Structures are given as structure tokens and as C-alpha cells.
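Reviewing the structure listed below.
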Ligand SMILES: Nc1ncnc2c1ncn2[C@@H]1O[C@H](COP(=O)(O)OP(=O)(O)OP(=O)(O)O)[C@@H](O)[C@H]1O
Ligand SMILES: [Mg+2]
């Protein structure tokens, strides 16, 4: 069974804004050989809900997010599966889907004022009342003096303010899906909490479908509705956020032992080893070399997603309906 079926069964398709089914991204080496970067990714993003994508560094979270908006790096292609929008329209970044990245310093242009940069992202029909709309956007992201912020250059703002300005830019195009890739990792902890609360409020107020990529499982547990955990390019466990209280997959259990913070170094307390690089992923279950439960079947055959209770799915031979094959 597929998590998309599972999600459909549990929540219906009513609020689905964007559905990704069986997504696969290939990296094409110079000799033309295809290396899978991510594969078999099923995601349903819903209006007014936050879906989290978690996993160790290098497991394919950002590439999955980039694939959704057509922003893959050179050499990579979305060559498996499909992306469906609820209204049937295919949309790229800046239209239905928008991104907020980790480092606002890299995305904001130092030579233009915030006002100039937000204006650029307004849809043409709103440029007539640009000033009014920009101030409204800045208020939405918590600025009490929007006029001053509009006239500021990025270096005149703190990191948290820059991130909020970025969020205002992301909202300017009235997106239906907001992808936040480690949106607060570069900020200090108190500012992080503020931005995340803001994101959660916006998601509710604007009925945004949010895809949140985060290392910090504490954050995810607090603001996400659904969680997908990735390992080496595949989703290994999916379900409502409560699943983090009692994960089934041995990898997810290991991740939780590493709470409160995964530092992205590729090391997990409680689980030896690290994520295998592209091109060196083992046969069978990709987690088997690190798995305390691994048996013969795990070395030979990759487990598919199986239902595990009413609302969850897990790709593991040791768990899910049927148990050991
Ligand atoms: N521009 C690129 N060119 C080549 N390979 C890349 C590129 N970006 C990512 N990769 C590779 O694709 C795989 C998935 O990377 P991705 O950036 O999606 O990981 P991630 O889960 O977002 O990790 P992190 O938590 O560190 O951000 C990794 O093996 C990575 O080395
Ligand atoms: Mg990333």
C-alpha cells in the first residue's frame, strides 16, 4: 500500500492541495548512469496543515522539496512519478508554491531595500496598490512599523527580522503551498521559536499547505500535523505527528533517541554509522547495515510501505501488517 492511499483513507482528499505520487529524482553521472537521489516519494500537502519531512543530513529532504517546485540542481531530473495540483493546474515556484530557505542573508539582495524586493514578488494585478499590500504583508509577519522596514536594507535588520521579511516575500504571491526548508536553523533559539509560531499562525490563518523540513524533532512534534521520515532517499515511516511518540521503524526510534537536536553531522546516538552516500546505498533495506533488527530478508529485498495501524505506514520487514515476511 502507498501512503497516498493511507492519507486518502484517513483524511479524505478534500483538503489536498498538492499530491506527489511515486516521485523519483535521478542524478545523471557523466557516463549517463542514473543514480537515484530520492525514490518512491508519496506526499499529500493539505490546506491549513503542516506536513513535516525529517531525517538525517543527506537523506533527500531538500531535493524532494526542490523537485516539487521544479528547482532541482543541475544534473538532476524529476524522472519518476507525478505531481498533481488539486485544481489540475501545474504550477511552479512563485505561483502556487513558494519557498522559505534557511539563510535569508543569501536570498535577500544587499543592494536593494526590502520594499523593492517585496514589490518584485507581487503579482502584476496587485502592483497598483503595492504600498498598501506590502505594509499589510509586513504586518502579517509581525512588524509593527512596516514603513520603516520597507525602507531598510537587509543589513539593517536582525536575522529574525530578515527571516520575517523573507516570509513576507514568500507570501506576496498568495501561494497555496509554502515550503520551509530549515527556516530557522540559522537563528538563535528564542527567535526560532517566534518564527515557527508565526509560521504556524500563518498556516492556519491563510489556509496554507506547509511542507516543513527540519532537523529538530522537538519543533516538528510541536507544529506539524503529519510527519514523513526519510532515510537514504526513501520515506520509511509516515503518519500523524503523534507517531513520534511511539515510532515503529528502528531508524525513527534511533532518531528520537537523538532528541532534542540532530546536529546534521550524520551521526545518531543509539545508531552506529551514517547515511550512505549516493551510489553506495546498500541493496535490500537501505537501513539494514545500521539496523539492530536486520535479518536475511532485509539484506536482500527492499521493504515497501505497509499499513501499520489505522493511520500509519512503515517500510520495514519487522513492522507493519504481516510482520516478518
Ligand atoms: N547540487 C547538488 N549536486 C549534487 N548532489 C547533490 C546536490 N544537492 C544535494 N545533493 C545530494 O543529494 C542527496 C540528497 O541531498 P539533500 O540536499 O536533499 O539532503 P537533505 O536531506 O536536505 O540534507 P540536509 O539536512 O543536510 O539539508 C545527498 O546525497 C546530496 O549529497
Ligand atoms: Mg537540506
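Residue numbers (the working numbering): 99 to 423.
No residue lacks a Cβ here, since even glycine has one placed at the ideal position from N, Cα and C.
This one's a predicted model, so the numbers in the text were calculated from it and none came from an experiment.
Mapping DSSP to helix, strand and coil, what is residue i?
i, result
"residue 239", "coil"
"residue 310", "strand"
"residue 279", "strand"
"residue 305", "coil"
"residue 107", "For residue 107, the pLDDT reaches just 42, beneath the cut-off of 50, and the residue's location in the model is therefore unreliable, leaving the point undetermined."
"residue 316", "helix"
"residue 172", "coil"
"residue 274", "coil"
"residue 269", "helix"
"residue 160", "helix"
"residue 256", "coil"
"residue 226", "coil"
"residue 251", "coil"
"residue 411", "strand"
"residue 153", "coil"
"residue 328", "strand"
"residue 285", "coil"
"residue 220", "coil"
"residue 165", "helix"
"residue 427", "Nothing about residue 427 can be reported from this structure: the residues present for the chain run from 99 to 423 only."
"residue 244", "helix"
"residue 113", "coil"
"residue 420", "coil"
Assuming residue i contacts residue j (C-beta within less than 8 angstroms), just tell me the rounded distance between them.
i, j, result
"residue 308", "residue 297", "7 angstroms"
"residue 334", "residue 324", "Wrong, their Cβ atoms sit about 15 angstroms apart, outside the cutoff."
"residue 137", "residue 332", "6 angstroms"
"residue 413", "residue 398", "About 15 angstroms separates the two Cβ atoms, so there is no contact after all."
"residue 410", "residue 337", "3 angstroms"
"residue 379", "residue 330", "5 angstroms"
"residue 249", "residue 219", "With a Cβ gap of about 17 angstroms, residue 249 and residue 219 do not count as contacting."
"residue 117", "residue 321", "With 8 angstroms as the limit, residue 117 and residue 321 do not qualify as a contact, their Cβ atoms being about 22 angstroms apart."
"residue 317", "residue 156", "So it is not a contact: roughly 20 angstroms between Cβ atoms."
On the DSSP bridge assignment, give the partners of residue i in chain order.
i, result
"residue 209", "Paired residue(s): none; residue 209 is not in a bridge."
"residue 343", "BP columns for residue 343 are empty, so no partner."
"residue 123", "136 and 176"
"residue 398", "BP columns for residue 398 are empty, so no partner."
"residue 118", "141 and 181"
"residue 405", "411"
"residue 349", "Paired residues: none, contrary to the question."
Taking 7 angstroms as the cut-off, is the C-beta of residue i nearer than that to any heavy atom in ligand 3?
i, result
"residue 326", "The model depicted lacks ligand 3 and carries ligand 1 and ligand 2 instead."
Could you tell me whether any Cβ in chain E is nearer than 8 angstroms to the Cβ of residue i?
i, result
"residue 326", "Any reference to chain E falls outside this structure, which holds one protein chain only."
Practice task
Could you tell me whether the stretch 214-231 touches the stretch 299-317, where touching means 3 or more Cβ pairs closer than 8 angstroms?
Solution key: These segments do not touch.
Problem - Inter-stretch contact at 8 angstroms, needing at least 3 Cβ pairs: the stretch 250-258 / the stretch 169-183 - result: Taking 8 angstroms as the limit for Cβ pairs, the verdict is that the stretch 169-183 does not touch the stretch 250-258.
Exercise for the section: Report yes or no: do three or more beta-carbon pairs, one from the stretch 346-355 and one from the stretch 406-417, lie closer than 8 angstroms? Expected result: yes
Problem - Cβ contact check for the stretch 268-280 and the stretch 311-325: 3 or more pairs under 8 angstroms - result: The way I'd put it, the stretch 268-280 does touch the stretch 311-325; three or more beta-carbon pairs between them come closer than 8 angstroms.
Exercise for the section: Taking 8 angstroms as the threshold, find out whether the stretch 124-131 comes into contact with the stretch 229-249 through three or more Cβ pairs. Expected result: no
Practice task
With ligand 2 as the reference, list in chain order each residue whose Cβ lies under 7 angstroms from any of its heavy atoms.
Solution key: 159, 160, 279, 280 and 311
Problem - Contact the stretch 226-233 vs the stretch 193-210: 3+ CB pairs below 8 angstroms - result: no
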